[in-house]
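A quick write-up on the structure given underneath.
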Amino acid sequence: MQYKKKMDLPFIPAKQLWFALLMISQPYAHADNTDSPYFKGGRVEAFYDRKDNGDFQVNSELWTPVFKGGYGALISETGGQDTHYFGGFARPLLTSPEYGDLILGAQEILKGGVKQTEAQGEYRLPFGLGIGGGFADRQYSGQDIKFAKISYRNEWKDIKYILSTQWQSYQGKSSPGGYVAVYNKQLMATWGSDGEQWRSTFGYVAPDQGPDKIRPALEVFYVDNSIGNFNGSKDLMVTGSLGFRKGFLSHEARLGRAMGPTGLEFGNPLGFLSPTFNRRLTAWEVGDLVNFRFIHSTLPNYGRVETLETAIYPTQFFGDKSLLSALFVGVGVTSPNPGKDGLSGLFGYHKRINNFESSLRVQHDFDRDDTTLFFNAIQWL
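Structure (structure tokens):
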């Protein structure tokens with residue numbers, strides 16, 4: 009049952025709220041910061057996200073230099089089937105670079121008794137040559153995937169580059185493909201195809217002038233899923249911030265999106281299956297001062313869906329470092345065609361104090377009279 013009342017917070021049944029709080033409370037089990045190379049700089053995170061139609065999602069993950077993985081569930085309150093998903097990626101040779109680098113990943117989705125499984129891996133020799141492959145097995149479906157790849161990564165002066173070539177089989181059709189990425193500290197450009205999609209990325213991060221200075225960052229990301237057997241959407245995502253510090257718009261995180269599911273980029277591990285524990289950061293988490301995201305999707309039936317979301321931290325423009333600096337406001341616009349457009353307002357906070365970080369966002373769509381709630385908590389290790 010969906011509860012609606014204009015400008016009220018969404019109703020959350022007691023047992024579901026308790027389940028969400030249990031998930032969110034997991035970060036508190038990890039107390040002090042650590043000097044261990046296996047955990048230093050890592051985090052434990054959990055979030056609760058209530059959807060417009062009354063369904064909600066809980067997600068919990070462990071994110072460290074040698075392991076990234078987690079569990080989540082999409083719980084339906086509207087008569088649909090619940091979805092459970094879990095998986096992880098390991099990097100066991102991180103502390104022994106003389107033996108090269110090894111990345112292994114596996115994920116699984118369970119919905120209505122149907123299982124989807126994915127596994128992939130790549131071993132990279134110390135001088136940069138890598139050999140890898142993987143598969144995605146969708147039960148009771150012909151959309152299975154197999155791939156094999158050879159990659160090479162190196163750097164010339166201050167320019168890093170990655171070259172990969174691959175073979176992929178999808179629904180019995182084999183396709184060659186490959187990706188290339190070139191980047192330095194400020195700029196990144198990528199392009200490539202796996203036979204079922206091609207993707208391209210441009211990224212920019214301004215030089216660091218200090219912790220209290222404006223530091224713009226921008227990413228333009230495009231994926232065309234219409235080139236293979238499956239006629240999918242064409243998606244453009246533009247994300248930017250005036251106060252980049254780290255995270256989503258960093259080159260390390262961008263490589264995962266840029267190189268696709270076959271890239272095996274440990275900084276931001278992606279897979280063929282969805283949903284996954286590894287989420288896309290929301291607009292207000294991208295940086296400080298002002299953040300925005302624009303998404304345009306052209307659907308296979310030539311319809312379109314557009315979303316624009318902004319988040320502004322007003323007091324940060326005045327150098328405020330109090331708790332007020334954590335407050336943000338913003339506007340969201342959705343423009344589905346066909347469908348009903350929506351104008352929404354959002355407000356909340358996002359703050360890190362010592363090793364604990366949390367955020368809360370309430371968003372109300374005035375045209376659809378829907379209110380959504382998002383809360384997450386992170387304990388940095």
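My numbering numbers the first residue of the sequence shown as 9 and each following residue consecutively.
Where is the CB? At the ideal position from N, CA and C, for every residue including glycine.
Just so you know, these numbers come straight off a predicted model, no measurement behind them.
With a beta-carbon spacing of about 5 Å, Glu53 and Ile386 fall inside the 8 Å limit used to define contacts. Tyr310 is not a Cβ neighbour of Phe336, given a cutoff of 8 Å.
Comparing alpha carbon positions, the residue from Val294, Gln194, Arg369, Asp373 closest to Phe383 is Arg369. Counting the other CB atoms within 10 Å of its CB gives Thr86 a total below 16, which places it among the exposed residues. Residue range 51-58 is occupied by the beta strand (DSSP E) that includes Arg58. Between Ala156 and Gln128, the CB-CB gap reaches or exceeds 8 Å. In the three-state scheme derived from DSSP, where H, G and I count as helix and E and B as strand, Pro224 is classed as coil. C-alpha of Ala114 to C-alpha of Gly96: approximately 6 Å in a straight line. Look at Arg132 here: in three-state DSSP terms it is strand. Partner residues in the beta bridge of Glu126, as assigned by DSSP, are Gln115, Ala144.
Exclusion of the five residues before and after Ser172 leaves Lys157, Ser159, Gly186, Tyr187 as the residues of its chain whose Cβ lies within less than 6 Å of its Cβ.
As summarised for the stretch 273-358, the continuous beta strand (DSSP E) elements at least 3 residues long and confined to that stretch are 296-306, 312-320, 335-342, given in chain order.
Ile117 sits buried, since 16 or more C-beta atoms from the chains shown fall within 10 Å of its C-beta. Take Glu317, set aside five residues on each side of it, and the residues of its chain with a beta-carbon closer than 6 Å to its own are Ala291, Arg301, Gly340, in chain order. Between Leu70 and Gly77, the C-beta spacing is below 8 Å.
In terms of Cα proximity to Thr209, the closest of Glu126, Val246, Ser234, Gly180 is Val246.
When the five nearest sequence neighbours on each side are left out, the beta carbons in the same chain lying within less than 6 Å of the beta carbon of Ile170 are those of Arg161, Ala189, in order along the chain. Excluding its 5 nearest sequence neighbours in each direction, Pro344 has C-beta neighbours in its own chain below 6 Å: Val313, listed in chain order. Restricting attention to Asp243, Glu163, Lys154, Glu130, the CA atom closest to the CA of Arg99 is found in Glu130. In this structure, Met196 keeps its C-beta atom at 8 Å or more from the C-beta atom of Arg146. Per DSSP, the continuous alpha helix (DSSP H) segment holding Ala266 begins and ends at 259-267. Using a C-beta cut-off of 8 Å, the stretch 275-284 makes no contact with the stretch 215-226, since fewer than three inter-stretch Cβ pairs fall below that distance.
Straight through space, the alpha carbons of His259 and Phe238 are spaced by roughly 30 Å. Taken through DSSP and simplified to helix, strand or coil, Glu85 comes out as coil. Per the coordinates, the alpha-carbon of Pro322 lies some 41 Å from the alpha-carbon of Gln89.
Nearest to Ser333 by alpha-carbon distance, out of Lys348, Ser367, Pro308, is Ser367. The alpha carbon of Thr103 has as its nearest neighbour, out of Lys123, Thr91, Phe94, Val74, the alpha carbon of Val74.
Straight through space, the alpha carbons of Ala225 and Leu257 are spaced by roughly 7 Å. Under the 10 Å beta carbon count, Asp377 is surrounded by fewer than 16 other beta carbons and is classified as exposed.
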